[in-house]
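Same order as they appear, the protein sequences are chains A and B. Take the first sequence: its position 351, counting from 1, is numbered 758 in our numbering, and each next residue is one higher. Take the second sequence: its position 45, counting from 1, is numbered 46 in our numbering, and each next residue is one higher. No residue lacks a Cβ here, since even glycine has one placed at the ideal position from N, Cα and C. Right, one structure below, let's go through it.
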Amino acid sequence: MKNKFAKIAMASTLVAGILAGCGAKESSGGGASDKIKIGVNLELSGNVASYGESLEKGIDLATDEINANGGIDGKEIKLIKVDNKSDSAEAANAAIKLTSKDQVTAIIGAATSGNTVAQAQIADNTKTVVLTPSGTSPSVTVGKDGKVNEFVFRTSYIDPFQGTVAANFAANDLKVKNAAIYADSGSDYSKGLAASFKETFEAAGGSVVSEEAYVGKDTDFRATLTRIKSKNPEFVFIPGYYEEVGLIIKQARELGLNVPFMGADGWDSPTLVELAGADALNNTYITNHYSSEDPDKKIQEFVTKFKDKNKGAAPNAFNALGYDTVYLLADAIKRAGSTDSTKIKDELAKTTDLSLVTGVVSIDKNHHPIKSAIVLEYKDGKQVFFTKVNP
Amino acid sequence: MEWLQQIINGISLGSIYALIALGYTMVYGIIKLINFAHGDVFMVGAFVGFYAITGFGLGFFPALILSMVICAIFGVLIERIAYKPLRNATRIAALITAIGMSLLIEYGVIYVRGAQPEAYPNVLPNTTINVFGAQISSQSLFILGISVALMIILQFIVHKTKIGKAMRAVSHDMDAARLMGINVDNTISATFAIGSGLAGAAGVIFGVYYTKIEPLMGVIPGLKAFVAAVLGGIGIIPGAMVGGLLLGVIESIVSAAGFSLWRDAAAFVILILILIFRPSGIFGKNTREKV
Chain A
408 MKNKFAKIAM ASTLVAGILA GCGAKESSGG GASDKIKIGV NLELSGNVAS
458 YGESLEKGID LATDEINANG GIDGKEIKLI KVDNKSDSAE AANAAIKLTS
508 KDQVTAIIGA ATSGNTVAQA QIADNTKTVV LTPSGTSPSV TVGKDGKVNE
558 FVFRTSYIDP FQGTVAANFA ANDLKVKNAA IYADSGSDYS KGLAASFKET
608 FEAAGGSVVS EEAYVGKDTD FRATLTRIKS KNPEFVFIPG YYEEVGLIIK
658 QARELGLNVP FMGADGWDSP TLVELAGADA LNNTYITNHY SSEDPDKKIQ
708 EFVTKFKDKN KGAAPNAFNA LGYDTVYLLA DAIKRAGSTD STKIKDELAK
758 TTDLSLVTGV VSIDKNHHPI KSAIVLEYKD GKQVFFTKVN P
Chain B
2 MEWLQQIING ISLGSIYALI ALGYTMVYGI IKLINFAHGD VFMVGAFVGF
52 YAITGFGLGF FPALILSMVI CAIFGVLIER IAYKPLRNAT RIAALITAIG
102 MSLLIEYGVI YVRGAQPEAY PNVLPNTTIN VFGAQISSQS LFILGISVAL
152 MIILQFIVHK TKIGKAMRAV SHDMDAARLM GINVDNTISA TFAIGSGLAG
202 AAGVIFGVYY TKIEPLMGVI PGLKAFVAAV LGGIGIIPGA MVGGLLLGVI
252 ESIVSAAGFS LWRDAAAFVI LILILIFRPS GIFGKNTREK V
């Protein structure tokens, strides 16, 4: 019996604690404190730590800048950082800590789609905005039932958008009329890109003459490539990952398939150059979020500021996305005129034509940013800025 | 000229299957064991060649020979440590040991160097030759040439040398061979050495031809080579060669017909059909010559 009493006592304390927590949140939301607390929930250790660390540098740079310029409506931004160890359970725990103990206005993070999805339920329950800088899977903001996660937003474009960009690039910049698609049948990423490429390319008046697929971990692609070659495409879209793409390009060039090839950020690894060889990679293109070689004035200003702060290192796409995320959030908080999460959420969803480093951003009804992408060309094994493609 | 190109693609792929299949078939012929670790010896061969080329700066042929020698020794070690103590055990015990050995080698290599893939350095000149509209890379011709040369050497060893005669004798009747004064243990070890050496050569050739090597690369080619060995008639050396080449060409044709996702399935459908309709393989029972 004693035990039972203890349990009831404990349960009631917990309930009281939660209730108190809610109350406190409301009062802090309405009250006039001089600092805006923003949680940062990133992969600072674990297997994708390089993403988290890069984002952190961009976030720090943007926060320092905003605070140095008088903050948001006179209020300074205070970052509260938590390491989620590249693990989705830890990411959820971090979100619980940030929302209950620290009572942050919004959370920036996580770097990957999976670790962001892990926070979606908590975001909804506690009505706290979660903004991922680099989660590119469509499932982050739109649940399986097709319902939009009201409090979850992202700064990066979604995966299939890269297929759209590649199709526009092929049709308008390279002016090709027919294309082949060679996708990884085991990857949603690859299939999503292939589908959006086909849709956009055909809408632009092109025709897809050959659609083939491979299975991940394959090593011999010659037979399928020979089949593709016999259809005489002027352009081949391969939305895969670098391990297979490297071999595909090498074997395609050996078979004399010398048309331009294009892929997406899945190609972006030094291993690609090792596998395919620098020669075979000539006349291939990839889409990416941003390039530090982009001559755009806003980008060059950012590159200079970033180099000053980071010992001359040129910012990568993650640095830029981290930087932009803070500005995207700051813009919404400013327009909301308060730290009330529901108002911030509404303003974020209304974002239109906000000029950021990674492009001019508008948020659509599925919380997917509409923004430009960069096309890079491989020249002798090096990525060179080629052009910017608007949506 | 698409079809000519596809046949050439298939023969290049098939010659690698054939080299691995030879090792399967020789070991099966002599001790009736399906050596599942064989595909992993192939992987070890690829890595030995890789480190010989990048670490010691060896050329293609020295690396190929070094890899064959190390794999031959490795094969004998596997046989002596894992299979010899089980020579009189049930066949299923030996088979399970072979599977265990396979996993041990795969994950041993991952433990030592990690699971990330490695890109083979370009050690062979590669130009493309145009024959009747088909593009043949000089590399694939070269590789085909080496495979054929190795198979001819193997035929010579099996039919013209004393150890070859001993191998054929042991495969016909182990006890009778022992009574005739043949050292059965050494003969079995020699079989493992030759089979593993061929797998090592296949590993280096695979690395040069396909560029990417990784610790689990032996699994699928190993299984395909097993299918090739059964297709030709397991235990029969010419059967393994023909089976390997045939399987390579069949896979290319399946992909060429637009069923590239069914390519791997096709190999195993062939295995099932062969086991149902002609369990002794193409080269049949009557003309059987075991090694």
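Check: Rounded to the nearest angstrom, how far is the Cβ of A/A697 from that of A/I781, given a contact under 8 Å?; Outcome: The residue you asked about is not Ala; residue 697 of chain A is Tyr in the sequence shown. Yes, A/Y697 and A/I781 are in contact; Cβ-Cβ is about 6 Å, under 8 Å.
Check: In angstroms, rounded to a whole number, what distance separates the CA positions of A/K786 and B/V243?; Outcome: 43 Å
Check: Determine the direct distance from the alpha carbon of A/D591 to that of A/D690, and round the result to whole angstroms.; Outcome: The amino acid at residue 690 of chain A is misidentified as Asp; the sequence shows Asn. For A/N690 and A/D591, the distance between alpha carbons rounds to 21 Å.
Check: Are the CB atoms of A/T562 and A/L728 within a distance shorter than 8 Å?; Outcome: yes
Check: For A/G446, which residues from the same chain have a beta carbon less than 6 Å from its beta carbon, with the 5 sequence-adjacent residues on both sides left out?; Outcome: I487, L505, V511, I514
Check: Is there a C-beta anywhere in chain B that falls below 8 Å from the one on A/T691?; Outcome: no
Check: Nearest CA to the CA of A/P572: which residue from A/F608, A/D595, A/G542?; Outcome: Before going further, note that residue 572 of chain A is Val rather than Pro in the sequence given. Of A/F608, A/D595, A/G542, the residue nearest in Cα terms is A/F608.
Check: What runs of the alpha helix (DSSP H), each 4 residues or longer, lie entirely inside the region 127-171 of chain B?; Outcome: 139-161
Check: List, in order along the chain, the chain D residues whose C-beta lies closer than 7 Å to that of B/A257?; Outcome: Absent from the structure: chain D. Protein chains present are A and B.
Check: Work out the CA separation of B/M102 and B/Y25 for me, nearest whole Å.; Outcome: 15 Å
Check: Go ahead and label A/R629 buried or exposed: buried means 16 or more other beta carbons lie within 10 angstroms of its beta carbon, across all protein chains shown.; Outcome: buried
Check: Mind listing which residues of the region 105-116 of chain B have their C-beta closer than 8 Å to chain A's C-betas, in chain order?; Outcome: none
Check: List the residues of chain B that A/Y621 touches, going by C-beta distances under 7 Å, in chain order.; Outcome: S261
Check: Check the Cβ of B/S253 against every Cβ in chain A and list those closer than 9 Å, keeping chain order.; Outcome: D627, R629, A630, T633
Check: Measuring only the C-alpha atoms, how far is A/N726 from A/S779?; Outcome: 17 Å
Check: Beta-carbon of B/L20 versus every beta-carbon of chain A: anything under 8 Å?; Outcome: no
Check: Determine the chain B residues that contact A/L682 at a beta-carbon separation under 7 Å, and present them in chain order.; Outcome: A120, T212, K213
Check: Check whether the Cβ of A/K657 lies closer than 8 Å to any Cβ atom in chain B.; Outcome: yes
Check: Where does B/M181 land, buried or exposed, given buried means 16+ other C-beta within 10 angstroms?; Outcome: exposed
Check: If you measure between the beta carbons of B/Y211 and A/T626, is that distance less than 8 Å?; Outcome: yes
Check: Nearest by alpha-carbon distance to A/Y692: which of A/Q569, A/Q528, A/N585, A/S769 is it?; Outcome: A/Q569
Check: When DSSP labels each residue in this structure, what does A/Q790 get in the three-state scheme?; Outcome: strand
Check: With a cut-off of 8 Å on the beta carbons, I'd call A/K714 and A/A720 a contact; round off their distance for me.; Outcome: 7 Å
Check: Distance, Cα to Cα, B/I293 vs A/D494?; Outcome: With chain B covering 2 to 292 only, the question about residue 293 of chain B has no answer from this structure.
Check: CA-CA distance, A/A610 and B/I214?; Outcome: 41 Å
Check: State the start and end residues of the unbroken beta strand (DSSP E) segment that holds B/I237.; Outcome: Here B/I237 belongs to no beta strand (DSSP E), and DSSP marks it neither H nor E.
Check: Per the DSSP calculation, A/L486 is bridged to which residue(s)?; Outcome: A/I445
Check: Looking at A/D731: is its Cβ nearer than 8 Å to the Cβ of A/V710?; Outcome: no
Check: Three or more beta-carbon pairs under 8 Å between the region 750-757 of chain A and the region 516-524 of chain A, yes or no?; Outcome: no
Check: Three or more C-beta pairs closer than 8 Å, one from the region 652-662 of chain A and one from the region 675-690 of chain A: is that the case here?; Outcome: yes
Check: Using DSSP with H/G/I as helix, E/B as strand and the rest coil, what is A/N690?; Outcome: coil
Check: Answer yes or no: does any C-beta atom of chain B fall closer than 8 Å to that of A/S592?; Outcome: yes
Check: Near A/R742, what residues of its chain come up, given a Cβ to Cβ distance below 7 Å and the 5 sequence neighbours on each side ignored?; Outcome: E754
Check: Any residues in the region 659-672 of chain A with a beta carbon nearer than 7 Å to a beta carbon of chain B? Which ones, in chain order?; Outcome: E661, L662, G663
Check: In or out: B/A258 buried (at least 16 other Cβ within 10 Å) or exposed?; Outcome: exposed
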